[in-house]
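Numbering (the working numbering), first residue to last: 86 to 740.
Beta carbons: idealized from backbone N, C-alpha and C, even for Gly.
Nothing here was measured: the structure is a model prediction, and the numbers come from that model.
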Amino acid sequence: MRSEPRLAHFAVLAALALTVLPLFLQLPPWVPLLFALQLGGRAWLAWQGRQLPHRVWLLLAMIVPVLLLWLSLRTLVGREGGVALLLLLTGFKAFETVTLRDWRVLLGLGFFLAATPLLFDQSLPSALWLLLSLFVLTWAMVLLAGVDSAASPRAAALALLYAMPLMLLLFVAMPRLPGPLWSMPTMDQRATSGLSDSLAPGSIGQMIPSREPAFTAQFRGRQPVREQLYWRVMVFDRFDGARWTAGSVPDSGAALLPGVAGELSYSITATPFKGALPVLEHAVWAGEGVQQVAAQLVRRIDARNEARLRYDVRSVAQAAYPAALSAEQRDHYLQLPAANLRTRQQGEFFARQFRDEAGRLAALRAWLQQQGLRYTLSPPLLQGDVVDDFLFSSRQGFCEHFASAFATLARAAGLPARIVVGFQGGEFNAGGQFWLVRSSDAHAWTEVWLQGRWQRVDPTALVAPSRIVSEVGELVPEAQAVVPVLGRRPPQWWHTVHAQWQRAGFVWQQWVVDYDARRQQSLFQRLGLGRVGVGSVMTLLLLGGVLLVLPLLLWLLWRRPPARSYPVRGWLLLVSRLQQAGVAAVASDTPAQLRDKAVLLAPVLQQQLARLLADWQQWRYAEGATDADPRWRGWWWQVRRFRPPRLAAKKRTGR
């Protein structure tokens, strides 16, 4: 039994709505909401059998949302603008769907829209949603083909199953484009949660840790311990009394002297923060796509590309610099504004008491530990001289407060100092053998120039050592992640499931999202194919495609139904001619139903159709009727000559 046409139409509209649900999180909310209203309006017209709006009214109606989109985004191209415009135009296209061909075009747009969420997010949940969208769209396509509604889900699943081997072959073997596949220019540079391009302690009254993943790291060989993991992203060396920013003084340590002591070799998958990428201390080598810059930092070569990147790095435990600080550099790292008088006086006191710089630094560390400072994510707002207010009044804060205060003290004591911002620690996944670093691991610490090199001093570790050896949530209860229903302390099985999900996401990122030309060549070499060029890849694709498709073709030929007779071929052609004219005819209609649906045709065409239907009904059901009757061939040729013109838009209905 063939499916009801209206059911197929509703299925197409429902599939479109399901496909674009992730875009509610990425586009201005009114855009997907308007798209949902458009689909709902088209479904209501189909249900009520109402007339579709004239194209002139559709064109006029498009002006307002397109203008509003321009005012919202200031563009109609790029990732946000292009996807939003495509969504709106697809919604208006739904009001032009009448014939079977129209509905197939609308469904084709749905397959294209299904891929657009990947332009914003390529995580494993997005991939699973894409598979669900493909299944629903294929199910709607099967219904449009007239397959019985009860059998349509199985037919859709089989269609996707048959396509899976070819899809995998194309993914593995197709020549890879330079750069990420799912990427488009964005309107602006989005900041990574947990980091900022400046540091202003005292301006935030409450820090809410985010559990969002920031990046992953995988080490080759030995695994480091958590307290060793200080991931550098930015260096702030200019202070105006309230805010730390990055200066422009040349750095003496742009290149480290070669060393192998405690070498760590690792790969990081991260999204750049304005071109900056996380890297462990004392990086002595950076791989393809990135470059080492001043202050032991690593940046993406193409800084404008904000897509996620996988890169290789080697770091050592100890390193030396090729030269001492110049007079200009030393003055820069000792610069202090006139603010924070008490802090400057305290530092100057230590400078007078300890002529030896190492002893001076040790005294500063000991003094800070004795001040009764408390680590909290909800410190009071600081007023006036923020460093003085923190050290001598509130005595409460988090890493930004401690790093800023210690850097100010060190400079006042005559020790060149700067602040490093990045991440500390991470969560080790034993099953996948990788580290997951979250936004809540964002951290700030101080570096002091001593004995010919920059030495890390983490004042947070001096005041709250447990912050370094454990996660923030273990130190500050209000920072613990709350699992829905399970609360702040979920059972062990939740941690096991969560770890396996993280592992699956890491494998997905590593072998699917990061599958670039380099990884493709590495896979070919593992398979014993050596270095494979584009020509060899195309040959491999052709051969693999033949091997995959040939069994399916043989099976289809084996199951091929006998050739259709002239009555059947003529009937299907007649229905197709009516559909092309704008008549909502289907092959399961009776002759009487076809006559009723074609009532808007010109009278002469209605007469031709009536004769064709009368002959078909008489010869098909007459006593002793047979498909071999020679009259059927002549009737079939009459149907071929029957070509009614397309009905005017005002005569069509939403049925």
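Environment of residue i [buried if 16+ CB atoms lie within 10 Å]
i, result
"His139", "exposed"
"Phe197", "exposed"
"Ala128", "buried"
"Leu412", "The sequence shown places Ala at residue 412, rather than the Leu named in the question. Flag for Ala412 reads exposed."
"Val643", "A quick correction: the sequence has Trp, not Val, at residue 643. Exposed: under 16 other Cβ atoms inside 10 Å."
"Arg135", "exposed"
"Phe591", "buried"
"Phe483", "buried"
"Gly166", "buried"
"Arg384", "buried"
"Phe477", "exposed"
"Ser479", "buried"
"Val141", "exposed"
"Ala131", "buried"
Proximity to residue i [Cα-Cα], best of the options
i, options, result
"Leu446", "Val533, Arg389, Val582", "Val533"
"Val156", "Val116, Lys178, Gln438", "Note that residue 156 is Leu in the sequence shown, not Val. That would be Val116, whose Cα lies nearest to the Cα of Leu156."
"Ala96", "Leu108, Gly125, Pro107", "Gly125"
"Ser525", "Leu143, Arg164, Ala299", "Ala299"
"Leu137", "Gly347, Phe120, Ala179, Val149", "Ala179"
"Arg604", "Ala199, Leu209, Leu217, Arg261", "Arg261"
"Val190", "Ala225, Pro210, Ala169, Leu170", "Ala225"
"Leu144", "Arg159, Ala131, Leu173", "Leu173"
"Val227", "Arg385, Pro90, Pro729", "Pro90"
"Ala443", "Val505, Gln540, Leu349, Val378", "Gln540"
"Thr301", "Arg384, Gly510, Thr175", "Gly510"
"Tyr600", "Pro363, Arg311, Glu708, Thr354", "Thr354"
"Phe519", "Arg588, Gln133, Pro202, Leu694", "Arg588"
"Ile504", "His367, Thr330, Ile386", "Thr330"
"Pro114", "Arg538, Ala131, Leu154, Gly372", "Leu154"
"Gly432", "Leu253, Ala244, Arg496, Trp722", "Arg496"
Distance between residue j and residue i (C-alpha atoms, nearest Å)
i, j, result
"Leu98", "Arg718", "40 Å"
"Leu106", "Ala100", "10 Å"
"Ser333", "Ala451", "32 Å"
"Leu365", "Arg317", "6 Å"
"Ala448", "Leu494", "11 Å"
"Ala670", "Leu185", "9 Å"
"Ser352", "Ala361", "16 Å"
"Phe256", "Gly620", "16 Å"
"Arg725", "Gly655", "8 Å"
"Gly195", "Ser283", "43 Å"
"Leu635", "Lys682", "43 Å"
"Gly193", "Thr175", "10 Å"
"Asp40", "Leu637", "A query on residue 40 cannot be resolved here, the shown segment of the chain reaching from 86 to 740 and no further."
"Val689", "Leu625", "58 Å"
"Val513", "Gly374", "First, the residue type needs correcting, since residue 513 is Phe and not Val in the sequence shown. C-alpha separation (whole angstroms): 26 Å."
"Leu632", "Met249", "14 Å"
"Gln692", "Phe727", "11 Å"
"Gly469", "Asn425", "9 Å"
"Gln381", "Ala368", "7 Å"
"Ala258", "Leu612", "12 Å"
"Leu243", "Met252", "14 Å"
"Gln308", "Val522", "15 Å"
7 Å CB neighbourhood of residue i in its chain, flanking five on each side removed
i, result
"Ala327", "Ala285, Val471"
"Ala121", "Ala102"
"Asp325", "Pro422"
Beta-bridge partners of residue i, as assigned by DSSP
i, result
"Tyr418", "None; Tyr418 has no bridge partner."
"Ala302", "Ile353, Trp520"
"Trp593", "Paired residues: none, contrary to the question."
"Asn425", "Asn425 is not bridged to any residue."
"His528", "Gly507"
"Tyr396", "Ile353"
"Phe358", "Ala361"
"Met226", "Note: Met226 sits in no beta bridge, so no partner."
"Trp329", "Leu284, Phe324"
"Arg459", "Gln481"
"Leu502", "The sequence as given places Ala at residue 502; Leu does not occur at that position. Its beta-bridge partners are Val533."
"Phe513", "Trp520"
Own chain partners of residue i with C-beta closer than 8 Å, once the 5 adjacent residues on each side are dropped
i, result
"Asp714", "Trp704"
"Leu103", "Leu217, Ser218, Val221"
"Val548", "Leu453, Gln454, Leu458, Arg459, Tyr460, Phe487"
"Val151", "Leu161, Leu170, Leu173"
Contact with chain B by residue i, beta-carbon distance below 8 Å
i, result
"Pro238", "Of the chains in the structure shown, none is chain B; there is only one protein chain."
Close Cβ partners of residue i (< 6 Å) along its chain, the five nearest in sequence each way excluded
i, result
"Ser650", "Asp712"
"Ala93", "Leu228, Leu229"
"Gly372", "Tyr396, Asp397"
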